[in-house]
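Undergrad: Our numbering applies: residue 4 is where the sequence shown begins, and numbers increase by one.
A virtual CB, placed ideally from N, CA and C, is assigned to each residue, including glycine.
Every value quoted in this text rests on a predicted model; they were computed, and no experiment measured them.
First the structure, which I've put down as structure tokens, then a few questions once you've had a look.
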Amino acid sequence: MSTLTAQTYLTPGEYLAWERKQPFKNEYHNGQIIAMSGASRWHNRITVDTTVQLSNQLMESECEVFAGEMRVRTSPEVSYFYPDVIVVCGEPRFEDDTFDTLLNPIIVIEVLSPSTAAFDRGEKFEHYKQLASLQEYILISQDSVRVEHYRYEGTQWTHNRFQRLEDTLSLASIECEVPLRAIYRRVILL
4 MSTLTAQTYL
14 TPGEYLAWER
24 KQPFKNEYHN
34 GQIIAMSGAS
44 RWHNRITVDT
54 TVQLSNQLME
64 SECEVFAGEM
74 RVRTSPEVSY
84 FYPDVIVVCG
94 EPRFEDDTFD
104 TLLNPIIVIE
114 VLSPSTAAFD
124 RGEKFEHYKQ
134 LASLQEYILI
144 SQDSVRVEHY
154 RYEGTQWTHN
164 RFQRLEDTLS
174 LASIECEVPL
184 RAIYRRVILL
């Protein structure tokens with residue numbers, strides 16, 4: 004989750020230097036700082052269970068899974084975001100030798116909150132599309148069984164939606180399958 008703070012414009016370099024000194028996470032978009040607010044219980048459970056599912060399946064692979072604390076930079080329009088879950092395969096590329104800003108995720112997963120859902124589906128996704136490495140983008144609702152799966156195929160993004168606990172999310176780029184029942188196993192749905 005994030006909320007826009009006071010109108011403070013920084014260059015990407017100024018943001019990164021400032022952000023690394025902050026006690027709390029802040030995203031950067033269009034020169035503005037966006038303070039990250041705390042996540043709900045269900046948001047955290049979905050993030051953890053999704054991370055565990057992927058980590059277990061990728062344990063013997065060349066892929067790494069990061070949850071919540073790894074920043075991603077988009078380019079050429081520079082933005083910095085903290086996705087809920089990231090998968091990178093092969094050698095991870097970082098912005099610098101601090102190793103806290105990833106440049107080449109293959110999968111980005113965002114758990115939606117009411118305050119960020121529209122941004123995550125729209126403008127944020129447009130920024131993520133700038134990443135040449137990105138092959139799959141997943142949006143997971145925390146309020147109902149709803150997983151949106153975007154996959155880059157050739158020259159276009161395809162979209163599938165899953166809304167039943169019996170459904171399985173297939174991630175072709177990493178050859179993993181995640182049952183929705185596992186994503187939502189500890190979430191009380193309304």
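Grouping DSSP H, G and I as helix and E and B as strand, with all else coil, what is L7?
TA: Reliability of the predicted coordinates at L7 is poor, the pLDDT of 46 falling under 50, and the value obtained from them is presented with this limitation in mind. Here L7 sits in strand by DSSP.
Undergrad: Could you say if the stretch 29-45 and the stretch 12-21 meet the contact criterion of at least three C-beta pairs nearer than 8 Å?
TA: In short, these stretches touch, since the Cβ pair count reaches three.
Undergrad: Compute the distance between the beta-carbons of E67 and V91, then report whether it is under 9 Å.
TA: Closer than 9 Å, so yes.
Undergrad: Tell me the rounded alpha-carbon separation between V181 and K132.
TA: Whole-angstrom Cα-Cα distance: 23 Å.
Undergrad: So, for Q56: in the same chain, excluding its five sequence neighbours on each side, which residues have a beta-carbon less than 6 Å away from its beta-carbon?
TA: So the qualifying residues of the chain are V181, A185.
Undergrad: Helix, strand or coil for R44 per DSSP?
TA: If DSSP states are grouped into helix, strand and coil, R44 belongs with the helices.
Undergrad: Checking 9 Å against the spacing of the C-beta atoms, do Y85 and I110 come in under that value?
TA: The answer is no: Cβ separation not under 9 Å.
Undergrad: Going by CA-CA distance only, name the one from A121, L137, V81 that's closest to E156.
TA: When only C-alpha atoms are compared, the closest one is L137.
Undergrad: Quick check: the Cα distance between L7 and F165, rounded to an integer number of angstroms?
TA: Below a pLDDT of 50, predicted positions are generally treated as unreliable, and L7, at 46, falls in that range; the measurement from the model is reported next regardless. C-alpha separation (whole angstroms): 30 Å.
Undergrad: Among F102, L174, L168, C179, which one has its Cα closest to the Cα of R188?
TA: Checked all of F102, L174, L168, C179; the closest Cα to R188 is L168.
Undergrad: Could you check where the alpha helix (DSSP H) with P182 kicks off and where it finishes?
TA: Careful: P182 lies outside any alpha helix (DSSP H), inside the beta strand (DSSP E) at 179-182.
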